[in-house]
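Worksheet for the structure shown next.
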Amino acid sequence: MGGNAWTQTGPYQPDLAAAFRQAQETSLAEDDHGFGERSVDDLWRDPEWHEYIFTGGTCTVLDFPCMVDATDQSDGPFMRPLTDSEVRAWSPDGRPTYEDWDEALDTGRLEFPDRAQGNCTVLYRDGRPALIGYWGVTAD
Numbered sequence: 425m426g427g428n429a430w431t432q433t434g435p436y437q438p439d440l441a442a443a444f445r446q447a448q449e450t451s452l453a454e455d456d457h458g459f460g461e462r463s464v465d466d467l468w469r470d471p472e473w474h475e476y477i478f479t480g481g482t483c484t485v486l487d488f489p490c491m492v493d494a495t496d497q498s499d500g501p502f503m504r505p506l507t508d509s510e511v512r513a514w515s516p517d518g519r520p521t522y523e524d525w526d527e528a529l530d531t532g533r534l535e536f537p538d539r540a541q542g543n544c545t546v547l548y549r550d551g552r553p554a555l556i557g558y559w560g561v562t563a564d
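Those letters in the sequence shown? Residues 425 to 564, by my numbering.
What follows is the structure in structure tokens.
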């Protein structure tokens, strides 16, 4: 099988790891994927959750246990923010809008990461941070 590419947005917070955790909690509240009312941390301690993620996944931020530093190039499953230079490669002003991000992904100027990996970046509206854009590929 090959991994499935997906995109998602979540609310902006200056602390990207906190924004990621908030996006995970929101995704889990919308769909618990049959695991009941449990925390994200609890799910990632459950071998059945691992099996679920690594053989299909959710196509959401729930597919990753944590966020790593932007310069960390380790294999997943991790969510990694883009570096400033990575953002400027497809958004020269360094302040991409949702539309810029969506178009860059559609045209391939911004690539999807490898399987079992995710990326994120701040998205701007009227020059101010407004959302976090998340995109990734499932592990399966």
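Beta carbons: idealized from backbone N, C-alpha and C, even for Gly.
Notebook entry, point to check: How big is the Cα-Cα spacing for G427 and D517?
Noted result: 31 Å
Notebook entry, point to check: Quick check: the segment 485-499 against the segment 537-549, are there 3 or more CB pairs under 8 Å?
Noted result: yes
Item checked: T531 vs Y548 beta-carbon contact at 8 Å -> no
Check: Residues bridged to F502 by DSSP?
Finding: Its beta-bridge partners are Q541.
Checklist line | For R552, the first and last residue of its enclosing beta strand (DSSP E) | finding: 552-561
Notebook entry, point to check: Tell me which same chain residues have a C-beta within less than 7 Å of the C-beta of R519, skipping the five on either side of it?
Noted result: Non-local C-beta neighbours of R519 in its own chain, meaning closer than 7 Å and more than five positions away in sequence, comprise Y548, G551, ordered along the chain.
Item checked: Stretch-stretch touch, CB-based, cutoff 8 Å, three pairs: the segment 463-478 with the segment 432-452 -> yes
Check: Does the distance from the C-beta atom of L555 to that of P505 stay below 8 Å?
Finding: The answer is no: Cβ separation not under 8 Å.
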